[in-house]
Amino acid sequence: MNFTGSMKRDMGHEVRMNLRPSGARSSKSIGIRVYEALLLAVAIFICCLSTTVVESWSASEVVDIAVDFFNPSNDDRITTGPDPLIDSTEDDRAANTKVNAPMSQNDDFYIIPMLSISVGDNNQLMEYMTAEIIARATGRKLCLPPFFNGPKKHTGRYPNGGLWMHERFDMNVLQKFVNLTSIDVCGKKCGMTVDAFWWMRRSSASMLPTYWKSSSTATTHDLGKYVRDWQSVDDMQRTFSEFDNVKERCVALGGLFPGLRWRGAYLAASKYMRPSPPIAEIVDSLQALAFGRDTNYLAVHWRFEESLCKGTEAGEKVGGVGLCFLRCGDAAVIDSGLHAEAMGLPALTKATLRSSVTDGDPHETDHTIHQTCRHLPDTTQVTISKTDLIAAILEKASTENVSSVYIATDGWLRGQRAQTLVKEVVQDIRIRGLKAAGLWRLPDLPNIILKGTDAQYVDQVIKSISNLELSGHILSKVEQEMCFRSKAFMGSGESTWSLVVFRERLAQRMVQKAFAYMKGAVDVDEDLIVSKLMEDSHAAGLQCRYRILFGGSHIRKSVPQEGYQDEAPDTWLDMEACEGQLHKSGSCILSDCFS
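Okay, so the sequence shown: first residue is 4 according to our numbering, each after it adds one.
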């Protein structure tokens with residue numbers, strides 16, 4: 004007999020009960036008790052036929068009352084068996100699982116990432132990657148809740164969430180890095196209940212998946228005091244070995260952004276974050292349509308922070324567009340330690356800043372500098388001109404010997420002036436004889452020039468590359484993959500979007516370099532690849548204001564300064580358009596915000 008959940012009325016209250024036998028039980032005593040319970044159900048039904056209270060009860064509800072009267076002990080409670088799509092047994096028969104059985108019998112451990120509801124795709128992706136790394140380090144299965152939709156301006160199909168992990172990434176590849184399972188299977192195994200919370204940092208934005216709840220006995224661990232010291236899997240495992248993992252079977256991991264502080268962990272995870280087959284097919288079509296399948300091209304992505312430079316004297320002196328980036332206080336692009344000098348570019352000194360900001364009045368300079376960025380200590384604002392931005396792109400295309408440029412930026416996210424910038428950059432590139440393509444949505448700017456004056460706009464392009472409706476989330480991943488496949492990539496340090504591409508490409512190059520001696524081998528051991536990538540002990544590469552807010556890495560090793568060749572052929576647009584143009588009459592301005 005198969006019973007499903009129903010509602011039981013008891014003294015005016017409703018109680019949800021589920022009885023789902025997962026297999027035959029051989030115990031004679033249990034069989035007798037079930038038989039007695041069914042007899043009791045029949046007796047109750049017959050005795051109560053004449054009462055008004057039971058007139059609305061169905062037979063199945065009466066059986067539920069009998070089952071409640073039966074009230075088996077914890078050791079005899081029957082629960083859902085294994086998911087046939089995930090688990091298997093020798094004879095394919097469902098197995099019985101005891102709810103409170105010791106871990107030797109329920110030997111799966113789970114991590115449920117609590118993504119942040121208020122941030123965009125790539126911040127959530129960084130959170131997911133942190134969860135992947137911790138799940139691998141602890142030997143737990145990673146549950147896969149859907150992404151949240153993010154800020155309203157990040158449009159997508161789903162009102163209550165972004166995409167599922169499998170819609171964005173190839174699960175067969177990711178499974179090589181970490182053991183995966185669906186959120187539905189996790190829900191069944193964990194009873195939709197969390198046994199413990201592990202907080203990277205406390206955050207009200209971290210949300211449990213829908214319908215999940217906390218156990219009344221759930222424990223809590225604050226990992227913040229450890230995170231900045233972790234530089235290896237061994238470091239992590241020493242921390243987690245102190246926890247009561249037997250009781251903490253289903254763990255919610257919260258406060259995941261900005262995540263771990265050493266880059267090697269993210270490089271290892273990035274190696275296995277390949278696009279889902281449908282997205283890869285769309286990119287194949289887009290690449291062929293835009294440039295030709297085997298054509299090398301430069302990919303460019305920028306993100307500016309006009310709101311942080313708006314109305315400043317520095318912004319007006321370079322044309323008023325407000326092309327503003329944030330740097331670390333020591334002028335590094337990101338906190339991995341990359342400086343202009345290491346890139347072979349001229350260093351910016353305070354004397355350079357003074358001559359750039361004003362006509363040389365030191366008092367006016369100091370006052371201007373103080374006014375522009377006093378609200379963000381230990382950061383430097385970099386304001387560049389449109390002319391220098393275009394010059395940097397053209398120079399990089401020449402250096403890489405390519406005549407095609409993919410512009411992976413929407414523009415509309417930053418307002419009308421940013422849209423104008425996209426248009427002017429693309430037009431200037433095309434005037435210089437280069438082919439430019441992208442998925443911007445501007446009414447008078449073709450996205451792809453095919454032959455002569457034959458052009459396609461974004462809706463035509465999307466129709467050409469896919470017969471599916473593509474959300475903003477999908478298009479973002481499509482553009483990241485276009486950047487990943489490029490010969491060289493220019494990103495911006497302000498953007499986690501750029502950082503995702505940068506890490507994926509760096510991980511790929513490091514693996515190719517490390518295992519070049521094995522060229523022609525069928526396979527390289529995945530554990531060996533992961534171990535090699537995790538040896539990178541540079542800081543994670545966060546934008547520096549995150550380091551200020553959440554703390555940087557406590558790097559214990561002597562990490563060599565990163566240089567141009569370490570990142571080549573990739574580079575940072577905000578550095579190439581600033582320091583890279585200074586010796587060519589560039590008009591870049593840095594506001595001296597040293598703490």
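Glycine residues also receive a C-beta, built at the ideal position from the N, C-alpha and C atoms. These figures come from a predicted structure and were not determined experimentally.
Keeping to the same chain, check which residues put their C-beta closer than 7 Å to that of A458; ignore five residues upstream and five downstream.
Mapped onto the sequence shown, residue 458 falls at position 455. So the list reads P449, I451, I452, once near-sequence residues are dropped.
For F180 and V533, I'd like the C-alpha separation in whole angstroms.
Looking up residue 180 in the sequence shown gives position 177. Looking up residue 533 in the sequence shown gives position 530. Distance between F180 and V533, taken at the CA atoms: about 8 Å.
For M578, does the three-state DSSP call read helix, strand or coil?
If you number the sequence shown from 1, residue 578 lands on position 575. DSSP places M578 within a helical segment (H, G or I) once states are collapsed to three.
Distance check for W443 and D420, CA to CA, integer angstroms please.
Looking up residue 420 in the sequence shown gives position 417. Looking up residue 443 in the sequence shown gives position 440. Strictly speaking, residue 420 in this sequence is Arg, with Asp absent from that position. When rounded, the distance between both Cα atoms is 14 Å.
Give the secondary structure of C637 by DSSP, where H, G and I count as helix, E and B as strand, and everything else as coil.
In the structure as shown, the chain starts at 4 and stops at 598, and residue 637 therefore has no counterpart that could be examined.
Alpha carbons only, please: which of E538, A580, V425 is nearest the one belonging to F3?
The chain is shown only over 4 to 598; residue 3 falls outside these bounds and no answer can be derived.
What is the rounded straight-line gap between the Cα of L256 and the Cα of A302?
Residue mapping note: residue 256 aligns to position 253 of the sequence shown, counting from 1. Residue mapping note: residue 302 aligns to position 299 of the sequence shown, counting from 1. If you take the alpha carbons of L256 and A302, they lie about 35 Å apart.
Given that a residue counts as buried once 16 or more other Cβ atoms are within 10 Å of its Cβ, and exposed if not, what is H541?
Start at 1 with the first residue of the sequence shown, and residue 541 comes out as number 538. With 16 or more other Cβ atoms from the protein chains shown falling within 10 Å of its own Cβ, H541 counts as buried.
Do V254 and I120 have their C-beta atoms closer together than 8 Å?
Within the sequence shown, residue 254 is the residue found at index 251, counting from 1. Within the sequence shown, residue 120 is the residue found at index 117, counting from 1. Against a cut-off of 8 Å, the Cβ pair of I120 and V254 comes out as no contact.
Buried/exposed call for K192, threshold 16 Cβ in 10 Å:
Taking the sequence shown and counting its residues from 1, the one referred to as residue 192 is at position 189. The residue is buried, with at least 16 neighbouring Cβ atoms inside 10 Å.
What distance in whole Å lies between the Cβ atoms of L437 and S407, which are believed to be in contact at a cut-off of 8 Å?
Along the sequence shown, read from residue 1 onward, the residue named residue 407 stands at position 404. Along the sequence shown, read from residue 1 onward, the residue named residue 437 stands at position 434. In this structure S407 is in contact with L437, their Cβ atoms being roughly 7 Å apart against a cut-off of 8 Å.
Just mark D577 as buried or exposed, buried being the case when its beta carbon has 16 or more other beta carbons within 10 Å.
Against the sequence shown, residue 577 aligns to sequence position 574. It counts as buried.
Do G227 and T133 have their C-beta atoms closer together than 8 Å?
For the purposes of this step, residue 227 is taken as residue 224 along the sequence shown, with counting starting at 1. For the purposes of this step, residue 133 is taken as residue 130 along the sequence shown, with counting starting at 1. Taking 8 Å as the cut-off, the Cβ atoms of G227 and T133 do not count as close.
By how many angstroms is the C-alpha of A271 removed from the C-alpha of Y520?
On the sequence shown, residue 520 is found 517 positions in, with the first residue counted as 1. On the sequence shown, residue 271 is found 268 positions in, with the first residue counted as 1. Distance between the alpha carbons of Y520 and A271: 20 Å.
With a Cβ-Cβ cutoff of 8 Å, do C277 and F172 count as a contact?
For this step, residue 277 is matched to residue 274 along the sequence shown. For this step, residue 172 is matched to residue 169 along the sequence shown. At residue 277 the sequence reads Arg, which differs from the Cys that was named. The criterion of a C-beta distance shorter than 8 Å is satisfied by R277 and F172.
Pair every Cβ in the region 424 to 433 with every Cβ in the region 386 to 400, then say whether three or more of these pairs are closer than 8 Å.
Yes, the region 424 to 433 is in contact with the region 386 to 400.
What does the Cβ neighbour count give for A543, buried or exposed, with the cut at 16 atoms within 10 Å?
The residue given as residue 543 occupies position 540 in the sequence shown. Around the C-beta of A543, 16 or more other C-beta atoms lie within 10 Å, and the residue is accordingly described as buried.
Proximity test, M174 beta-carbon vs the ligand HEM heavy atom, cut-off 7 Å
The ligand HEM is absent from the structure shown, which contains no ligands of any kind.
Mind checking whether A616 and E403 have CB atoms under 8 Å apart?
Because the chain here runs from 4 to 598, residue 616 falls outside it and cannot be looked at.
Compare the beta carbon distance of E135 and F260 with 8 Å and say whether it is the shorter of the two.
Looking up residue 135 in the sequence shown gives position 132. Looking up residue 260 in the sequence shown gives position 257. Judged by their CB atoms, E135 and F260 are not nearer to each other than the 8 Å cut-off.
Leaving out the 5 sequence neighbours to the left and right, which residues in its chain are closer than 7 Å to H557 when beta-carbon positions are compared?
Mapped onto the sequence shown, residue 557 falls at position 554. Once the five neighbours on either side are set aside, the close Cβ partners of H557 are R231, D232.
Contact check, M485 vs L289 under 8 Å by CB: the rounded distance?
Residue numbering aside, residue 485 sits at position 482 when the sequence shown is read from its first letter. Residue numbering aside, residue 289 sits at position 286 when the sequence shown is read from its first letter. The pair is a contact, with the Cβ atoms about 6 Å apart (cut-off 8 Å).
Thinking C-alpha only, which one of H304, N175, A394 is nearest K587?
As a first step, residue 587 is located in the sequence shown; it is residue number 584 there, counting from the start. Measuring from the Cα of K587, the nearest candidate turns out to be A394.
Is the separation between the beta-carbon of R330 and that of C547 shorter than 8 Å?
One-based indexing of the sequence shown puts residue 330 at position 327. One-based indexing of the sequence shown puts residue 547 at position 544. Between R330 and C547, the CB-CB gap stays under 8 Å.
Assigned secondary structure, Q546 (DSSP; H/G/I helix, E/B strand, else coil):
As a first step, residue 546 is located in the sequence shown; it is residue number 543 there, counting from the start. In the structure shown, the three-state DSSP call for Q546 is coil.
Candidates A268, I592, V176, A439: which alpha carbon is nearest Y460's?
Looking up residue 460 in the sequence shown gives position 457. The residue with the shortest Cα to Cα distance from Y460 is A439.
Contact check, A517 vs S273, beta carbons under 8 Å
Taking the sequence shown and counting its residues from 1, the one referred to as residue 517 is at position 514. Taking the sequence shown and counting its residues from 1, the one referred to as residue 273 is at position 270. For A517 and S273, no; Cβs fall outside 8 Å.
How would you label V249, buried or exposed, when you count the other beta carbons within 10 angstroms and need 16 or more for buried?
Taking the first residue of the sequence shown as position 1, residue 249 is located at position 246. So V249 counts as exposed.
List, from N- to C-terminal side, the alpha helix (DSSP H) runs of 4 residues or more that fit wholly inside the region 158 to 200.
Runs found: 168 to 171, 174 to 177, 186 to 193.
With a CB to CB cut of under 6 Å and the five nearest residues on each side skipped, what residues in its chain are close to G589?
Residue 589 sits at position 586 when you count from the first residue of the sequence shown. Cβ-Cβ distances below 6 Å link G589 to D391 in the same chain, with the five nearest sequence neighbours on each side left out; the list follows chain order.
Inter-residue Cα distance where the pair is L292 and M195
By one-based count along the sequence shown, residue 292 stands at place 289. By one-based count along the sequence shown, residue 195 stands at place 192. L292 and M195 have their C-alpha atoms some 46 Å from each other.
May I ask which residues mark the beginning and end of the beta strand (DSSP E) holding G123?
Taking the first residue of the sequence shown as position 1, residue 123 is located at position 120. Segment: none, G123 is in no beta strand (DSSP E) and carries neither H nor E.
Pick helix, strand or coil for M276, following the three-state DSSP scheme.
In the sequence shown, the residue the question calls residue 276 occupies position 273. Residue state, collapsed to three classes: coil.
On the DSSP bridge list, what partners appear for V303?
Taking the sequence shown and counting its residues from 1, one reaches residue 303 at position 300. V303 is bridged to I410, M493.
What residue from D198, H224, T223, P281 has the CA that sits closest to R252's CA?
For the purposes of this step, residue 252 is taken as residue 249 along the sequence shown, with counting starting at 1. Checked all of D198, H224, T223, P281; the closest Cα to R252 is D198.
Euclidean distance between Cα positions of V336 and G496:
Within the sequence shown, the letter at position 333 stands for residue 336. Within the sequence shown, the letter at position 493 stands for residue 496. Taking the straight line from one Cα to the other gives about 6 Å.
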